[in-house]
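Numbering (full-length UniProt numbering), first residue to last: 1 to 114.
This report concerns only the one structure given below.
Structural data, given as structure tokens:
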């Protein structure tokens with residue numbers, strides 16, 4: 001503290017801290033030392049909470065199909081800070097980003113034969 005005003009450390013070596021007691025990560029950083037970048041998320045305390053359509057450590061992995069329409073709107077993305085960004089396709093859709101309609105279409109996937 002200098003002249004009654006305290007300033008939190010902000011640097012790659014000492015972390016990017018904020019808050020009245022310098023006990024929370026500055027916006028855009030996360031981790032125990034507040035030195036890890038929170039790329040596509042919101043910092044809450046020392047955690048990086050991923051925006052929709054983003055996954056992985058620091059929310060650096062975009063869900064398949066893009067963050068605007070994850071999984072092409074035909075599945076769910078394994079999102080969040082521990083997610084992989086992979087899609088689990090809805091019935092009748094296939095592919096990495098669930099963009100392929102299965103043979104037989106959405107109403108009768110695989111033409112009812114498998």
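Virtual Cβ for every residue (Gly too), placed ideally from N, Cα, C.
In the three-state scheme derived from DSSP, where H, G and I count as helix and E and B as strand, residue 58 is classed as helix. Residue range 41-44 is occupied by the beta strand (DSSP E) that includes residue 41. Cβ contact annotation for residue 49 (same chain, cutoff 6 Å, sequence separation greater than five): 41, 42, in chain order.
For residue 44 and residue 28, the gap between their C-alpha atoms comes out near 10 Å.
DSSP, read as helix, strand or coil, puts residue 76 in strand.
A straight line joining the alpha-carbon of residue 105 with that of residue 67 spans about 25 Å.
Judged by DSSP secondary structure, residue 16 falls within the beta strand (DSSP E) whose first and last residues are 15-18. CA-to-CA, the gap between residue 15 and residue 75 works out to about 38 Å.
About 4 Å separates the Cβ atoms of residue 63 and residue 77, confirming a contact at the 8 Å cut-off.
Collapsing the DSSP output to three states places residue 34 in coil.
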